[in-house]
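Data first, discussion second: the structure below is written as structure tokens.
2 protein chains.
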Amino acid sequence: MSRSPTRVTDALRDEACPVTEVLDRVAGKWSIGILIAAAHGPVRFTELERPIRGISRRMLSLNLRRLERDGLLVRTVHPTVPPKVEYSLTPMARELHASLTGLVSWAERHRSAVAEARAAYDDAAKRDPGAG
Amino acid sequence: MSRSPTRVTDALRDEACPVTEVLDRVAGKWSIGILIAAAHGPVRFTELERPIRGISRRMLSLNLRRLERDGLLVRTVHPTVPPKVEYSLTPMARELHASLTGLVSWAERHRSAVAEARAAYDDAAKRDPGAG
DNA sequence: CTGAATCCTTCAGGATACTG
DNA sequence: CAGTATCCTGAAGGATTCAG
């Protein structure tokens, strides 16, 4: 996953794929999951932490900030005790969410197909290592 | 397996988590670019290397193999001299390509918006580091 | 409850050189 | 032309701890 800029390739990357920069906002391990989870409405920190299994508090926090910074999430703090913070998608992110669900549905439709392809590929390679 | 009636839980636990595995096939720095470039039709190695500026031969090779292994690309070797190898999308990948172009067009539409959001966010943080 | 700070590991990806 | 092999860096992410 691509992350932050690398030196030499920076200019080139910008030249070839202006989009990659923006696409990278969603390229992390958790971004898509967070956006999908947050799309259900104003959601609290712990309400995100629970369903997104496996995510650490740290990564949730970091991704939340980045998403907010990129104008994809809105963070609302309620000055109560204990503190209550809610996250929701911006209109821009809602558009993105539509495309994301497209991706997700594709992934669901082809989950097993991909698994089978990999198995077949590996098996073929094992039986015939020299082929190509 | 908490069965609490949260709005977020069902959707994400069943949707995003298993999906992430498949989505990760596309999550690399170059995968999307490669798929989009290869969508034009049968494309040779160097024909991919050129437009996808900044990609190293190594990464192109690695990603090509992974994409092939996952059943997204077909690799066709023509036994000629010099060697000629062509890559094209599988039907499954063509479906994916449709979703991908959706993502790309979103990214193009909102490229500047994201940049501005980031600038505003950073600026606000700079002037008022304690807020939140 | 909602984070921030710190330390440590893993691994994608870059540079470079070699090959059929 | 179309790759492979090796070495290395830097960023992502996990575990744990501290705090408002």
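Heads up: the protein sequence lines correspond to chains A and B, in order.
According to my numbering, the first sequence is numbered sequentially starting from 2.
According to my numbering, the second sequence is numbered sequentially starting from 2.
We put the beta carbon where it would ideally sit given N, CA and C, even for glycine.
Pairwise C-alpha distance: residue j and residue i
| i | j | result |
| --- | --- | --- |
| S106/A | I37/A | 12 Å |
| P6/A | V27/B | Any reading at P6/A is ruled out, since the residue's pLDDT is 33, under 50, leaving its predicted position unreliable. |
| R95/B | P92/A | 28 Å |
| S62/B | L97/B | 21 Å |
| P52/B | V20/B | 30 Å |
| L49/A | L90/A | 13 Å |
| K127/A | S113/A | 21 Å |
| L65/B | D129/A | 19 Å |
| V75/A | T81/A | 18 Å |
| Y122/A | G103/A | 27 Å |
| I109/B | S100/A | The question names Ile, yet the displayed sequence has Glu at residue 109/B. Spanning the two alpha carbons is a distance of roughly 13 Å. |
| H111/B | M60/B | 28 Å |
| E87/B | T47/B | 10 Å |
| A39/B | P83/B | 21 Å |
| K85/A | T77/B | 57 Å |
DSSP three-state assignment for residue i, whether helix, strand or coil
| i | result |
| --- | --- |
| R112/B | helix |
| R45/B | strand |
| K127/B | helix |
| R4/B | Confidence in R4/B is poor, its pLDDT being 34 and thus under 50, which makes the residue's placement unreliable; the coordinate value appears in the next sentence. Of the three classes helix, strand and coil, the one that applies to R4/B here is coil, per DSSP. |
Cβ-based burial, residue i [other Cβ within 10 Å; buried from 16]
| i | result |
| --- | --- |
| V23/B | buried |
| D25/A | buried |
| G29/A | buried |
| V135/A | Residue 135/A cannot be examined here, being either before or after the span of chain A that is shown, 2 to 133. |
| H79/A | exposed |
| H41/B | exposed |
| A125/B | exposed |
Residue i: CB within 7 Å of a non-hydrogen atom of the ligand MN
| i | result |
| --- | --- |
| L74/B | In the structure shown, the ligand MN is absent, as is every other ligand, since no ligand is present at all. |
Check your understanding: Is the region 32-51 of chain A close to the region 110-130 of chain B, with three or more CB pairs under 8 Å?
Key -> no
Review point. For the 8 Å Cβ check, are there 3 or more pairs between the region 63-77 of chain A and the region 51-69 of chain B?
Key: no
Practice item. Jot down the residue ranges of each uninterrupted beta strand (DSSP E) in the region 53-82 of chain A, minimum 3 residues, whole runs only, in chain order. Key: 74-79
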